[in-house]
Every structure is written in structure tokens, then in C-alpha cells.
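Student:
Numbering (this note's numbering), first residue to last: 730 to 1123.
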């Protein structure tokens, strides 16, 4: 069926007029029902075009539902989770697939259990729907932080510390988590209690624009696809304009990244998120040819041998000063960028509590992050620009 033919819209109008109340069935808690046909949100039918992200897919089905597929990044070609979205105000079809989670949209409340999800919800303008977070002290946004401190937004823990009873009592219409490897026992328990769990695995995408495009995934639960498409396009355009700015750059500064943790140096791989920024920004990173999309475990000795004389050092943990670095490992003082003071961390917008806007909104602003990186790599191209997320350590 073509969802955009006039005949289909006639069918939708008929459904809107109806007042049939349909039971949610096994997909939700007993006693809860879908709303009957009343005032359907036509924004539900806005098509979603995915250009960069590889981790999810959105389809319209013949029965009027919308299918969201989250791919398993650890098992190529396999599905991690599937969702069927039913537009609030429309009749529930009789032929509901049984291989996914049924969710009525737009949802009216959400538990956002990672900082990045908070940032995406802000990007979409639906942060007022947040009723629960993991840790109240890790919220950077002032308004949301106040709500968390006064109890309007509840802290429910995360991962193994998740307060199951509290989150069930809050009864959000969606619980959003950062998926990792497999569905955890606590997540299964939430689903068995009738709470839909959505897996936001944007952190496994390897390009900045791909991560930001996961806003379209979350937007589907709010019927905000049109807004997500418009805003993402603006971000994409700004990012591409910055790429053009560095096209003719000849000098490429050499880069060191990562830090030593308990005897292992975790170096961003050649296909990682940071590596893509560095590649687009015309840097010289000796691991570009590596195929790793995550971090590579290396020895400090190997790193010093290959990158000890690097021009610039990105991201040695959550440090705010060179003294902080020295206190972590005094061998850092042997590296050339430490000696020259060309060390940069994403701690400019970090509070004393540890709340950091880099983790909250940084994923949704790859253009701003990229601008920071260009300023660091080629300061002559942006003489009047002041770093936003990064700061140079003194």
C-alpha cells in the first residue's frame, strides 16, 4: 500500500472518526489499553531518510504500523531489537507482528538512562518528557538538573544498580538505554513488567554525523521526524562547510590521543569516532590505516616510541590541568605535547560534580566539535573562534 496516495488519507480520516478502544495485549501491562481513534497525529507519516547511521532502520508497514529495527553491531546482519509503533489516535490493527515491542506514539514520558539521550531529547525539544535519569549529579543542563534535585525527575541508577521498583512505579511510556552486547537481565525484567525498553546504540557508530543521526531514531517515538530531519540537515551542512574550509590545508600536525589506564594505553583506532574528526580535519594520525573502530590496547612504551614527539595530544582523560595529568602518571611529562603545552581535553564544559556537556550534547553537535578540532589543528583558519568543548591545559 502506498501510504501517500489520497485513498490512504481517506482511510486515516475514517480511523480518526472511530472510537474503538483496543487492548494493548501482551506487549504492555495488563489493564493498560491503547487510546481509541480520536485525533491522530499526521506527523507520524513523515518519511525518514537515513544517510549516515548504520545501526537502525525505519519502515512503514501495510497495516499502518511503523517498524523500527535496531541492528546488532556485534553480530553483523542480526537484529538487536525491533519495535512496532502505533500512532496514538488510530485504530490498532489486528495483524500485529509478534517479533517486536509495540509502542504507542507519541510517547508522553521517558526514562533517559544515559547523558547522550538527554542531549538528543534536548535537540528534539522534548526534554520536558523526561521523568527519570540514571544519576542526578551527572546532568549538565541547568533546568533538568534542578528538576532532578527537587525530585520532579527521579534518579533510578543504571546498569546493574538500576532501581527496578522505582522505575516501575514511575511507569514511563519508554525506557531508553545504551545497548551493550546483549539484552541484560534487568532490561528483560523491565520488559516483562510491561515497560518498553529502547536501545540507543549510537555510540557504536564510527562517524560524527552517523552518531548525530540517531536523533531520527528517538524522534520516531515522539512523531518528531520532520523536526529531526530539518535540524540534522542544518548540522550536516555546517559540518560539510567546515570540511571545505580545510580542503587546501597542506600542513598536517601529528597527533597523540588517549591515556594510560592501569598499565594499558587505550588508543582510538583508525576507524574510530575521533579518527574521523582528525581525518576530516587534515591531521596526521599514525593509526589511520588501522581497521579498529573502538580503542586499541597498547603499552605506554609503544605509544612513546611511535607518538612521543607528536605535535598535539587529544583527550588524556578528564583532566583540567597539566598538573592533573602529572598526578595521574608522571611519565606523561616525557611526551613532547606535554612539554609544549599542546594538550587538549573535553573538560571546558565540565562541572565539579563531573557532569559534562561533552557527553550530554556533544554527540548532537558534531559541527561544533569539528570546529573545535579545526581550531586546535589549524588555528589560523578560525582566528576569532573560541573553543567550546575542548580546553587547552595549562
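Every residue, glycine too, gets a C-beta built ideally from N, C-alpha and C.
Measure the CB-CB distance between residue 860 and residue 844 and report whether it falls below 8 Å.
Tutor: For residue 860 and residue 844, no; Cβs fall outside 8 Å.
Student: Sort 901, 941, 1086 and 908 by Cα distance to residue 923 and report the nearest one.
Tutor: Comparing Cα positions, the closest option is 901.
Student: Excluding the 5 residues flanking residue 1025 on each side, which residues of the same chain have their C-beta closer than 6 Å to its C-beta?
Tutor: The residues are 996 and 998.
Student: Starting from residue 1110 and walking both ways along the beta strand (DSSP E), at which residues does that stretch end?
Tutor: That residue, residue 1110, is in no beta strand (DSSP E); it is neither H nor E in DSSP.
Student: Quick check on the burial criterion: 16 or more other C-beta atoms within 10 angstroms. Buried or exposed for residue 935?
Tutor: Classification for residue 935: buried.
Student: Contact defined as beta carbons within less than 8 Å: I believe residue 930 pairs with residue 1092. What is the distance between those atoms, to the nearest angstrom?
Tutor: In fact, because the Cβ distance is near 12 Å, the residues do not count as touching under 8 Å.
Student: Please report the straight-line C-alpha distance between residue 757 and residue 926, rounded to a whole angstrom.
Tutor: Unreliable placement is indicated for residue 757, whose pLDDT of 40 sits below 50; the coordinate value is still reported in the next sentence. Distance between the alpha carbons of residue 757 and residue 926: 11 Å.
Student: Note down the Cα distance separating residue 987 from residue 1090, rounded to an integer number of angstroms.
Tutor: Rounded to whole angstroms, residue 987 to residue 1090 spans 21 Å at the Cα level.
Student: Would residue 840 pass as a contact of residue 905 if the rule is Cβ separation under 8 Å?
Tutor: Against a cut-off of 8 Å, the Cβ pair of residue 905 and residue 840 comes out as a contact.
Student: Quick one: give me the first and last residue of the alpha helix (DSSP H) that residue 812 is part of.
Tutor: Taken as a continuous stretch (DSSP letters only), residue 812 belongs to no alpha helix (DSSP H), being part of the beta strand (DSSP E) at 808 to 816.
Student: Here's the rule I'm using: 16 or more other beta-carbon atoms within 10 Å means buried, otherwise exposed. How should residue 878 be labelled?
Tutor: Exposed, by the Cβ-count rule.
Student: By Cβ distance, which residues of its chain are closer than 6 Å to residue 1036, with the 5 residues on each side in sequence left out?
Tutor: Within the same chain, residue 1036 has close Cβ partners 985.
Student: Just to confirm my understanding: we take residue 790, look at its own chain, exclude 5 residues before and 5 after, and list those with CB closer than 6 Å. What are they?
Tutor: Around residue 790: 796.
Student: With three or more C-beta pairs closer than 8 Å as the rule, is the segment 955 to 973 touching the segment 1078 to 1089?
Tutor: With a cut-off of 8 Å, the segment 955 to 973 and the segment 1078 to 1089 do not count as touching, because too few Cβ pairs lie within range.
Student: Quick one: residues in its chain with C-beta nearer than 7 Å to the C-beta of residue 734, no 5 flanking neighbours on either side, listed in chain order?
Tutor: The predicted model places residue 734 with a pLDDT of 45, which falls under 50 and marks its position as unreliable; any figure quoted below should be read in that light. Excluding positions up to five away in sequence, the list is empty.
Student: Which value, in whole angstroms, describes the spacing of the CA atoms of residue 1007 and residue 1118?
Tutor: The alpha-carbon atoms of residue 1007 and residue 1118 are separated by roughly 16 Å.
Student: Just how far apart, CA to CA, sit residue 1116 and residue 856?
Tutor: The straight-line gap from Cα to Cα measures roughly 26 Å.
Student: Could you compute how far the alpha carbon of residue 1112 sits from the alpha carbon of residue 885?
Tutor: If I take the Cα positions, the gap works out to 45 Å.
Student: Pull up the distance between the alpha-carbon of residue 1123 and that of residue 946, whole angstroms please.
Tutor: Each residue's alpha carbon lies about 40 Å from the other.
Student: So, residue 1009 versus residue 982, is the Cβ gap smaller than 8 Å?
Tutor: It is not a contact, given that the beta carbons lie outside the stated cut-off.
Student: Within its chain, find whatever has a CB closer than 7 Å to the CB of residue 971; leave out the 5 residues flanking it on each side and keep chain order.
Tutor: Answer for residue 971: 1096, 1099, 1100 and 1103, listed in chain order.
Student: Taking the alpha helix (DSSP H) that residue 997 belongs to, which residues open and close that run?
Tutor: From DSSP, residue 997 is part of no alpha helix (DSSP H) but of the beta strand (DSSP E) over 993 to 997.
Student: Please give me, in chain order, every unbroken run of the alpha helix (DSSP H) with length at least 4 that falls completely inside the segment 941 to 977.
Tutor: Within the segment 941 to 977, the complete alpha helix (DSSP H) runs of at least 4 residues are 944 to 948 and 954 to 974.
Student: Taking 8 Å as the threshold (C-beta atoms), are residue 1074 and residue 1047 in contact?
Tutor: Contact: yes.
Student: Determine which residues share a DSSP beta bridge with residue 986 and list them.
Tutor: Residue 986 is bridged to 1043.
Student: Leaving aside the five residues before and after residue 792 along the sequence, list all residues of the same chain whose C-beta is less than 6 Å from its C-beta, in chain order.
Tutor: So the list reads 822 and 824, once near-sequence residues are dropped.
Student: Taking residue 1081 as the reference, which of 808, 1062 and 868 has the closest Cα?
Tutor: It is 868.
Student: At which residues does the alpha helix (DSSP H) containing residue 922 begin and terminate?
Tutor: Residue 922 -> no alpha helix (DSSP H), and no H or E assigned at all.
Student: Counting only the same chain and skipping the five closest in sequence on each side, list residues whose C-beta sits under 6 Å from that of residue 1079.
Tutor: Taken in chain order, the residues that qualify are 1085.
Student: Is residue 774 helix, strand or coil by DSSP?
Tutor: Reduced to three states, the DSSP call for residue 774 is helix.
Student: Nearest to residue 882 by CA position, among 863, 973, 781 and 833, is which residue?
Tutor: Comparing Cα-Cα distances from residue 882 to each of 863, 973, 781 and 833, the minimum goes to 863.
Student: Can you round the beta-carbon distance between residue 1029 and residue 989 to whole angstroms, since I take them to be within the 8 Å contact cut?
Tutor: Contact flag correct, Cβ pair sits at about 5 Å.
Student: Please classify residue 835 as buried or exposed, where buried requires at least 16 other C-beta atoms within 10 Å of its C-beta.
Tutor: Buried is the call here.
Student: Look at the Cβ atom of residue 815, then the Cβ atom of residue 831, and state whether they are nearer than 8 Å.
Tutor: Their beta carbons are under 8 Å apart, which means residue 815 touches residue 831 by this criterion.
Student: Which runs of the beta strand (DSSP E) fall wholly inside the segment 864 to 936 and span at least 3 residues, in chain order?
Tutor: Fully enclosed beta strand (DSSP E) runs of 3 or longer: 903 to 906 and 926 to 928.
Student: Which two residues bound the contiguous beta strand (DSSP E) that contains residue 787?
Tutor: 785 to 789 is the span of the beta strand (DSSP E), which, as asked, contains residue 787.
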